[in-house]
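Asker: Sharing a structure here in structure tokens format.
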Amino acid sequence: MAKSYQTNELHGIIQIDSKICKGCDSCKSFCPAEAIDGAYGATHHINDDKCLQCGQCLVNCPFGSIKDTSDAVDEVIQKLQDQKTTVVAMIAPAVRVALGEEFGMKPGELVTERVYGALKNAGFKIMDVNFAADNTIMEEGTELIEKIQKYVLNQPQEHELGPLPQFTSCCPAWVRYMELYHPDLREHLSSAKSPQGMAGPVAKIYGAQEIWKVPPEQIYCVGVYPCTAKKFEASRPEFTSAADYWKTKGHSAIYQDTDVVLTTRDLARLLKKLSIDICTVEPIEEKDNPLAEYTGAGTIFGTTGGVMEAALRTAYFVLTGKELADLEYAPVRGLQQVKTAEVPLKLAESGREIVLKIAVVHGTKNVEPLLREIEQGISPYHFIEVMNCPGGCVNGGGQPINPMGTSWVGKFKAILPWS
Amino acid sequence: MKIFDDHDVVLKHTLPVRLFHWCLVLGFLPAGITGIVLFFRPFGPEGMHFVMQIHIVGAWLLSLACLGFFVFQPKRVAAFWREIFSWTKRDIDWMKVSGGYPQKIFLGKEISVPLMRKMNSGQKLMGIFVFFGAIIIIVTGLILYVALPLVPKETVWYVDKIHLVVGVCLLGAVCGGHIPLGMYNWQEFICMFGDGTIKVKDAVKHNKLWVEEDIEKVK
Amino acid sequence: MKYNYVEKAVQVTRREFLGMTGIVAAVLWTGAYAVTDIVEDRNKYIKMRADGLYKDDEKHAVRQSHKNKSLMSMYDKLAAKPMSPLAEELFHTKYVDRAIL
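Protein chains in written order, with my numbering: chain E, 79 to 497; chain F, 272 to 490; chain B, 107 to 207.
Below is the structure:
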């Protein structure tokens, strides 16, 4: 049993095939946790205790020697054929701009309705994770506002709150990184779960009662994410809020909120096994499905700066009473590894002016200087978004592998064999 | 027609040329052989890492020697280039009988062969192969060595395959052709690895046209 | 080390020299151009996917989370508000010290 995992947590998901690995050290450059062992020229090996399961090594290996060993496609197909089970697909934002690539489309083709059509064709019920993303903004945004009221405006709050600066907590690789390498700072993580964490309870409580009207035990939640770390996150033992809720109402079954996770690549394989082609499938709009209703703020969660921008749109409104003049907040967009901005706010209730200082980080290694500032007590920020994968979830470890691209967003780097 | 006596000695390979050849021997051979080992990966982690380190040292020696020779001996590079790309009917005829080597080696029969200059036709072919092969192997090797996280995966994949194929072919040509034949002509062997000189009467056997038209008495 | 014959000196005309230099420069330049192009475009696919999401954002009439009607309806039906006790139970979590696991 690996040391840094809780009971029943999925791990060892990412594996290097020693028959193919040439020891070129490319993967080591991309690993944010220094979890790959092996000298230059020698076969490499992932140290599971340090691995974040993020899959960046996998999508960047030039020889395809790294594999995702957690394959739930057959299990999901079985469940789809089970008449007594309501199989719900929960589609993450980044999936809709990349799934088409597995069927020959260019990167960035927005195929939301085709994905809905394909999933319904296969027998899934639909829930859009963007709904849960909006949900996350409401929870995390409210938490941030309460912290600002407590620490910046000195207004006592009724809820227990962590310290500022607040870090986003939607990225499971980042959360694991914080828990593993800086556990003493973990109170800075937002207490809000990730959209995946919220989607499961929504489906198995609200969805069970109001939308599909089936017993919660019969719901089988299949997360479709651009992310291999989500497979790990779904298996976290504390993510049983739905079952815990129903226990208080007399039910007794035990189950995870999200039962299983498929990456974008996994979903493509599943659809191909069922002979469903994204290019030819009938698009479906799901206009009458409350759990597929989302706002623009929810959908941009999949890109670096997107969570921050979504949070700003709501926090700005709640604090100032006015909507952000320009909803497209440019300073948080783009591939710069650390983006910072200062957002001046004129508070609605007091007329007082404060400046919200924010930072957006992608590529977990880039968060280290900000963490050091916090340790030294000199951090200027109130809110920091961290995404493990360069570019955000659109470039996640579960996305289609783009052969002419790499995740390297930084400056020139040479891998030297004696480094 | 020049008349040479038994004591006439010609300088066939100058010192820079011989030094360059030594660098090729000490650079390319370890790199090529370790390259094959890296392909089959028979050893464990420490072994493969050590093999890779030898590969890198050999590769650097090869690359820097080629660069240095190109920069400091451009006239020899020009001469080499001219020689390998001058093909006449004589060369076609030489190739048709494989220079008489298989007949001599396997059948003990000596046949008449067209006259050659400093390089025979087979050597010219090898020269073309080595010239471009070395450039390819050095460039692809450099990409694999310094540019990995930046260069797209598909590019790396093809660069790796090219590096392998060209490397294996070069190693094969060198070990299967160049070295055995170079040793077979023992006079030439000691000429290149020794002081670069060869008796004119020995040189006449393989390089008659070179002796007659391309050399001159030391002033 | 004694020899009395040498190879005749190699002559390279100015034209030949310039021609060669020109070809070498052209090859190096083309190669460098192609390589820098490939390297500069290495993140293009990420930008394309991100642009797809930003397009999705623009397509939506509602672009702020607090205006998601069915989300608000869910909060109503669950009789909960953000950060309320039920929301804490369902939507919030605590983190683990993995260094001591």
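By construction, the Cβ of each residue, glycine as well, lies at the ideal position given by its N, Cα and C atoms.
1. Give every residue of the same chain whose Cβ lies closer than 6 angstroms to the Cβ of ILE114(E), excluding the five residues on either side of it in the sequence, and list them in chain order.
2. My output table needs one value for ILE307(F): the three-state DSSP class, helix, strand or coil.
3. For GLY380(E) versus ALA170(E), is the C-beta spacing smaller than 8 angstroms?
4. By the 10 Å Cβ neighbour count, where 16 or more other Cβ atoms means buried, how is CYS357(E) classified, buried or exposed?
5. Using a Cβ-Cβ distance cut-off of 8 angstroms, determine whether PHE395(E) contacts chain B.
6. Would you call the CB atoms of TYR201(B) and VAL439(E) closer than 8 angstroms?
7. Determine the closest residue to TYR118(E) out of PHE310(F), PHE311(F), ILE307(F), GLU317(F), with distance taken between C-alpha atoms.
8. Can you name the residues of chain F whose CB is closer than 8 angstroms to the CB of ASP126(E)?
9. Taking only the alpha-carbon atoms, compute the straight-line gap between VAL189(E) and VAL359(E) and give it to the nearest angstrom.
10. By the DSSP assignment, the alpha helix (DSSP H) with GLY376(E) in it spans what residues?
11. Of the residues GLN93(E), ASP212(E), ALA200(E), GLN244(E), which one's Cα is nearest the Cα of ASP149(E)?
12. By the DSSP assignment, the alpha helix (DSSP H) with MET463(F) in it spans what residues?
13. Alpha carbon to alpha carbon, what distance is there between LYS283(F) and LYS472(F)?
14. Quick one: grab the DSSP three-state call for PRO422(E).
15. CA-CA distance, ALA321(E) and SER330(E)?
16. Compute the Euclidean distance between the alpha carbons of PHE202(E) and GLN170(B), then round it to the nearest angstrom.
17. Would you check if the distance between the CB atom of ALA200(E) and the CB atom of LEU340(E) is smaller than 8 angstroms?
18. According to DSSP, simplified to helix, strand and coil, what is HIS440(E)?
19. Quick one: list the residues of chain E neighbouring GLY137(B), beta-carbon separation under 9 angstroms, in chain order.
20. Looking at GLY475(E) and ALA307(E), is the spacing between their C-beta atoms short of 8 angstroms?
21. Near PRO481(E), which residues of its chain fall below 8 angstroms by C-beta distance, leaving aside the five closest residues on each side in sequence?
22. How far does the beta strand (DSSP E) with THR246(E) in it extend, from its first residue to its last?
23. Within the continuous alpha helix (DSSP H) that includes ALA111(E), where are the two ends?
24. Here's the rule: buried if 16 or more other CB atoms are within 10 angstroms of the residue's CB, otherwise exposed. What is PHE299(F)?
25. Looking at chain B, is there any beta carbon in it that lies within less than 8 angstroms of the beta carbon of VAL286(F)?
26. Name the DSSP beta bridge partners of PRO461(E), please?
27. Output yes or no for whether 8 angstroms exceeds the beta carbon distance between ALA426(E) and LEU397(E).
28. Please name the residue in PRO385(F), LYS424(F), CYS294(F) whose C-alpha comes closest to that of VAL328(F).
29. For the alpha helix (DSSP H) that TYR298(E) lies in, which residues bound it at each end?
30. To the nearest angstrom, how far is it from the Cα of THR392(E) to the Cα of THR418(E)?
31. Under 9 angstroms between beta-carbons, which chain E residues line up against GLN117(B)? List them in chain order, please.
32. So LEU188(E) contacts chain B; which residues on that side make the cut at Cβ distance below 7 angstroms?
33. Using the Cβ count rule (16 or more neighbours within 10 Å means buried), how would you classify ARG430(E)?
34. What's the gap between the Cα of ARG289(F) and the Cα of LYS153(B)?
35. How many Å lie between ILE363(F) and LEU415(F) at the Cα?
36. Identify the contact partners of LYS346(F) in chain B, using a Cβ-Cβ distance below 7 angstroms as the criterion.
Answerer: By the coordinates alone:
1. CYS105, LYS106, HIS122, ILE124
2. helix
3. yes
4. exposed
5. Closer than 8 angstroms to some Cβ of chain B, the Cβ of PHE395(E) qualifies, so yes.
6. No. Outside cutoff.
7. GLU317(F)
8. Going along chain F, no residue has its Cβ under 8 angstroms from ASP126(E), so there is no contact; the nearest lies around 18 angstroms.
9. 11 angstroms
10. Where GLY376(E) is concerned, the enclosing alpha helix (DSSP H) stretches over 374-377.
11. GLN93(E)
12. 457-464
13. In this structure, the straight-line span from the alpha carbon of LYS472(F) to that of LYS283(F) is close to 13 angstroms.
14. strand
15. 8 angstroms
16. One Cα belongs to PHE202(E), the other to GLN170(B), and the distance between them is close to 28 angstroms.
17. no
18. strand
19. Ordered by position in chain E, no residue passes the 9 angstroms Cβ test against GLY137(B), which lies about 17 angstroms from the chain.
20. yes
21. Within the same chain, PRO481(E) has no close Cβ partners at all.
22. It is not in any beta strand (DSSP E) - THR246(E) carries neither H nor E in the DSSP assignment.
23. According to the DSSP assignment, ALA111(E) belongs to no alpha helix (DSSP H), since it is labelled neither H nor E.
24. buried
25. Going by the sequence as given, residue 286(F) is Leu instead of Val. So, not an interface residue.
26. Correcting the residue identity first, residue 461(E) is Phe in this sequence and not Pro. PHE461(E) is bridged to GLN244(E), ILE436(E).
27. Less than 8 angstroms divides the Cβ of ALA426(E) from the Cβ of LEU397(E).
28. CYS294(F)
29. Where TYR298(E) is concerned, there is no enclosing alpha helix (DSSP H), although the beta strand (DSSP E) it sits in stretches over 297-303.
30. 19 angstroms
31. Correct list: empty, because the minimum Cβ distance to chain E is about 41 angstroms.
32. GLY158, LYS161, ASP162
33. exposed
34. 54 angstroms
35. Rounded to the nearest angstrom, the gap between the Cα atoms of ILE363(F) and LEU415(F) is 39 angstroms.
36. Taking a Cβ-Cβ cut-off of 7 angstroms, the neighbours of LYS346(F) in chain B comprise VAL116, VAL118, given in sequence order.
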